[in-house]
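Quick note on our numbering: the sequence shown kicks off at 36 and runs consecutively. Positions of the beta carbon are idealized from the N, C-alpha and C atoms, including for glycine.
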Amino acid sequence: MAFDSHQRSERLHKVMARAGVASRRACEALIAAGRVTVNGSTASVGDRAAASDRIEVDGAVVAWDPRLVHYLVNKPPGVLSAASDDRGRRCVTDLVPPTERVYPVGRLDADSEGLIIVTNDGELTHRLTHPRWGVDKEYLAHVDGVPSRGALAQLRSGIELDDGMTAPATVSMPQPSMLRIAISEGRNRQVRRMCEAVGHRVLRLVRTRIGPLADPSLAPGEHRALSADEVRKLHRAASERGG
36 MAFDSHQRSE
46 RLHKVMARAG
56 VASRRACEAL
66 IAAGRVTVNG
76 STASVGDRAA
86 ASDRIEVDGA
96 VVAWDPRLVH
106 YLVNKPPGVL
116 SAASDDRGRR
126 CVTDLVPPTE
136 RVYPVGRLDA
146 DSEGLIIVTN
156 DGELTHRLTH
166 PRWGVDKEYL
176 AHVDGVPSRG
186 ALAQLRSGIE
196 LDDGMTAPAT
206 VSMPQPSMLR
216 IAISEGRNRQ
226 VRRMCEAVGH
236 RVLRLVRTRI
246 GPLADPSLAP
256 GEHRALSADE
266 VRKLHRAASE
276 RGG
């Protein structure tokens with residue numbers, strides 16, 4: 036089956052190689068093994084495609100519509116994780132170039148800070164936020180008091196909140212009153228509520244990682260475009276967790 040509905044299409048393995056998947060020969064081998072789809076259909080050696088086609092290897096996107104943009108933003112406290120605000124408050128979309136209509140991926144409450152993705156990529160947004168995919172996010176939480184071993188064990192096994200039991204979390208305490216917490220859910224103010232449930236109010240909360248993506252060099256209020264490889268890794272992380 037040839038995917039040649041687009042003008043300026045070319046051999047699929049060449050499009051894949053230019054996107055950084057592998058060498059042309061290795062890309063042909065991936066296609067021959069049935070591991071490549073184009074717009075949802077399994078590809079064959081010799082098929083043609085364009086860079087705007089949705090090309091996936093093992094469920095991870097490797098090429099997408101060039102009109103899609105993906106930014107990583109280090110959100111400062113006080114900035115809303117919203118595309119707009121009717122009260123005129125500053126939003127995370129104000130921190131990226133106004134060239135496309137974009138929106139934040141997931142929640143990061145106004146008092147919290149750290150990494151958030153801003154994009155117009157609906158498929159990636161779905162994969163990073165839907166419970167099925169369970170892409171984990173990591174936070175550093177400065178809490179009031181020093182949690183006991185029992186409190187850490189509770190956080191790791193799950194906490195009963197007013198909207199149900201949380202999934203198990205990965206938790207460590209790198210220094211007193213500082214928790215490193217990774218969760219795969221995205222409930223409203225979840226990390227804060229989990230810590231409060233074991234008796235420790237969160238004084239400061241910083242998201243440090245989204246799936247495989249981290250950038251300690253990105254200063255508060257700054258943004259940068261994600262590379263094609265980083266976007267592929269995010270899709271791959273969702274594919275691995277979602278089955």
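Where residue 249 and residue 262 are concerned, what is the direct C-alpha to C-alpha distance, given to the nearest angstrom?
Taking the straight line joining both Cα atoms gives about 13 Å.
Which ranges does the alpha helix (DSSP H) cover as unbroken runs of at least 4 residues, wholly within the stretch 51 to 91, from first to last along the chain?
DSSP runs (the alpha helix (DSSP H)) wholly in the stretch 51 to 91: 59 to 67.
On the DSSP bridge list, what partners appear for residue 126?
Residue 126 pairs with 115.
Rank 229, 122, 145 and 199 by C-alpha distance to the C-alpha of residue 110 and give the top, closest one.
Taking only the C-alpha atoms, the option nearest residue 110 is 145.
Which residue marks the beginning of the alpha helix (DSSP H) containing residue 157, and which one marks its end?
Note, residue 157: alpha helix (DSSP H), 157 to 164.
Would you decide whether residue 82 is buried or exposed? Buried here means 16 or more other CB atoms lie within 10 Å of its CB.
The residue in question, residue 82, is buried, as its Cβ has 16 or more Cβ neighbours within 10 Å.
Whose CA, out of 229, 115, 216 and 185, lies closest to the CA of residue 172?
Here the closest residue by C-alpha is 216.
Given a cut-off of 9 Å on the beta-carbon distance, is the pair residue 213 and residue 187 in contact?
No, the pair does not count as a contact, with Cβ atoms beyond the cut-off.
Between the stretch 149 to 156 and the stretch 218 to 229, do at least 3 Cβ pairs fall closer than 8 Å?
Contact between the stretch 149 to 156 and the stretch 218 to 229 is absent, because fewer than three Cβ pairs lie under 8 Å.
Apply the 10 Å Cβ neighbour rule to residue 116 and answer buried if 16 or more other Cβ atoms are within range, or exposed otherwise.
That one is buried.
Does the stretch 54 to 67 come within contact of the stretch 89 to 97, defined as at least 3 CB pairs closer than 8 Å?
Touching, yes.
State the Cα-Cα distance for the pair residue 147 and residue 224, rounded to the nearest angstrom.
Their Cα atoms are separated by approximately 9 Å.
Grab me the residues of residue 232's own chain with a C-beta within less than 7 Å of its C-beta, minus the 5 sequence neighbours each way, in chain order.
Closer than 7 Å at the Cβ level, and outside the excluded window around residue 232, lie 194 and 196.
Quick check on the DSSP output: the beta strand (DSSP E) that includes residue 192 runs from which residue to which?
It is not in any beta strand (DSSP E) - residue 192 instead sits in the alpha helix (DSSP H) that spans 184 to 192.
Count the other C-beta atoms from every protein chain shown that fall within 10 angstroms of the C-beta of residue 210, then say buried if there are 16 or more, exposed otherwise.
Residue 210 comes out exposed.
Taking the alpha-carbon positions, what's the residue 79 to residue 247 distance?
Going by the C-alpha atoms only, they are around 30 Å apart.
Just to check my reading of the structure: residue 266 and residue 159 have Cβ atoms closer than 8 Å, yes? What is that Cβ distance to the nearest angstrom?
So it is a contact: roughly 7 Å between Cβ atoms.
Hey, how far is the Cα of residue 198 from the Cα of residue 228?
Taking the straight line from one Cα to the other gives about 11 Å.
Any idea if residue 88 is buried or exposed, counting beta-carbon neighbours within 10 angstroms, 16 or more meaning buried?
Residue 88 is buried by the Cβ-count criterion.
Scan the stretch 171 to 258 and note each continuous alpha helix (DSSP H) run of 4 residues or more that stays entirely inside, going in chain order.
If we require 4 residues or more, the alpha helix (DSSP H) runs fully inside the stretch 171 to 258 come out as 184 to 192 and 225 to 232.
For residue 207, which residues in the same chain have their Cβ closer than 7 Å to its Cβ, ignoring the five residues on either side in sequence?
Excluding residues within five positions, the ones whose Cβ falls inside 7 Å are 215.
Residue 154 lies in the beta strand (DSSP E); which residues open and close that run?
Start and end: 148 to 154.
Between the Cα of residue 70 and the Cα atoms of 85, 96 and 256, which residue gives the shortest distance?
Checking every option, the nearest Cα to that of residue 70 belongs to 96.
If you compare alpha carbons, which of 235, 139 and 74 is closest to residue 106?
Considering only alpha carbons, the answer is 139.
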